[in-house]
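A.B. asks: Below is a structure I'd like to ask you about.
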Amino acid sequence: MTGPRSASELDLYEVAYLSGGPARVVDTALVALVLAGRVRAPSPGLLAAVRPTRRHPVEAAVLDAVGTHGHRSADTIQWRATGDDRLTAVGARLTEAGLLRRAAVARLLHPAAAAAPTPAGRRVLAEAAAVLAGRGPAGEVALGGRQAMTDAGLRERVFERPAAATEPTGTGLRRRFAPAPAAPPDGRLDRHQNAHTGWYAPGGPANPGGTWTPYGGL
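Start counting the sequence shown at 4; every next residue gets the next number (the numbering used here).
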């Protein structure tokens with residue numbers, strides 16, 4: 004068995020993964036990077052790299068997702084980074100240490116959970132929570148997510164969803180956020196519209212449900 008096996012062996016990003024999965028890791032890293040001055044928020048909800056210094060593999064993955072040109076939202080950065088090998092390696096270490104359930108078992112037992120700690124993982128997580136208590140915004144996010152931040156101003160700077168913005172793609176700038184169109188009668192696109200992850204094109208007689216096109220290439 005390899006990897007961390009006690010709270011004292013966990014770093015901040017391992018705590019975040021054990022608590023909330025890879026998306027929580029990205030959010031935690033964004034807060035840590037903003038506090039360190041390595042990522043800035045020129046306007047609420049839009050982030051840009053200032054100093055792409057790589058001190059930790061997770062931070063390197065998140066900085067790569069932020070990019071060096073233009074600005075991106077926290078949701079887009081999260082979408083770009085969560086599948087990065089440097090993040091999945093964190094989950095692999097926790098799994099090998101017996102703190103996180105293996106993916107197939109986790110899906111069976113906790114199909115809606117972002118992370119599925121084992122009993123040992125829950126014990127270690129409780130110990131880590133005591134260690135991180137009062138350690139600032141990054142620790143709050145690692146343990147409880149965005150909503151756990153007590154600094155409302157910092158939460159707005161990092162995580163507020165911009166009403167309208169442009170973000171870089173491989174071929175230029177694409178409008179990333181747009182007013183949500185009316186949902187079709189069955190409501191099947193509500194979740195996606197609220198997450199601002201694509202475009203909805205109203206349908207016609209041949210396609211009454213319309214067409215939903217996810218973003219790609221961001």
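Note that CB positions come from ideal geometry on N, CA and C, so glycine has one too.
What residue from 130, 66, 12 and 94 has the CA that sits closest to residue 50's CA?
C.D. replies: The shortest C-alpha separation from residue 50 is found at 66.
A.B. asks: Compute the Euclidean distance between the alpha carbons of residue 17 and residue 118, then round it to the nearest angstrom.
C.D. replies: When rounded, the distance between both Cα atoms is 12 Å.
A.B. asks: Is DSSP giving residue 120 helix, strand or coil here?
C.D. replies: Residue 120: strand per DSSP, three-state reduction.
A.B. asks: Between the alpha carbons of residue 43 and residue 159, how many angstroms are there, rounded?
C.D. replies: Between residue 43 and residue 159, the C-alpha separation is close to 13 Å.
A.B. asks: Kindly identify the DSSP beta-bridge partner or partners of residue 43.
C.D. replies: Residue 43 is bridged to 51.
A.B. asks: Pop quiz: residue 12 and residue 32 are said to be a contact at Cβ under 8 Å. What is the actual Cβ separation, rounded to whole angstroms?
C.D. replies: The pair is not a contact, with the Cβ atoms about 19 Å apart (cut-off 8 Å).
A.B. asks: Between which two residues does the alpha helix (DSSP H) carrying residue 98 extend?
C.D. replies: It spans 88-99 - the alpha helix (DSSP H) in which residue 98 sits, taken as one unbroken run.
A.B. asks: Based on Cα-Cα distance, which residue from 103, 134, 157 and 165 lies nearest to residue 14?
C.D. replies: Taking only the C-alpha atoms, the option nearest residue 14 is 134.
A.B. asks: Can you tell me whether residue 23 is buried or exposed, with buried defined as 16 or more other CB within 10 angstroms of its CB?
C.D. replies: Buried.
A.B. asks: For residue 270, count neighbouring Cβ atoms within 10 angstroms of its own Cβ and tell me buried if that reaches 16, exposed if not.
C.D. replies: Shown here, the chain extends from 4 to 221; a query on residue 270 therefore has no answer.
A.B. asks: By how many angstroms is the C-alpha of residue 21 removed from the C-alpha of residue 145?
C.D. replies: Taking the straight line joining both Cα atoms gives about 9 Å.
A.B. asks: Given residue 37, which residues of its chain have a CB within under 6 Å of its CB, disregarding the five upstream and five downstream residues?
C.D. replies: Around residue 37: 161.
A.B. asks: Between the Cα of residue 275 and those of 68, 121 and 89, spot the shortest distance and give me the residue it belongs to.
C.D. replies: Absent from the structure is residue 275, since the part of the chain shown begins at 4 and ends at 221.
A.B. asks: For residue 46, count neighbouring C-beta atoms within 10 Å of its own C-beta (all shown protein chains included) and say buried if the count is 16 or more, exposed if not.
C.D. replies: With fewer than 16 Cβ atoms within 10 Å of its Cβ, residue 46 is classed as exposed.
A.B. asks: Assign residue 19 to buried or exposed, taking buried as 16 or more other Cβ atoms, counted over all protein chains shown, within 10 Å of its Cβ.
C.D. replies: Counting Cβ neighbours within 10 Å, residue 19 comes out buried, since at least 16 surround it.
A.B. asks: Sorted by chain position, which residues of the same chain lie with C-beta nearer than 7 Å to residue 121's C-beta, five sequence neighbours on each side aside?
C.D. replies: Answer for residue 121: 101, 102, 103 and 104, listed in chain order.
A.B. asks: Could you tell me the alpha carbon to alpha carbon distance between residue 48 and residue 156, rounded to whole angstroms?
C.D. replies: Rounded to the nearest angstrom, the two C-alpha atoms are 11 Å apart.
A.B. asks: For the alpha helix (DSSP H) that contains residue 160, what are its first and last residues?
C.D. replies: That run of the alpha helix (DSSP H) goes 155-162.
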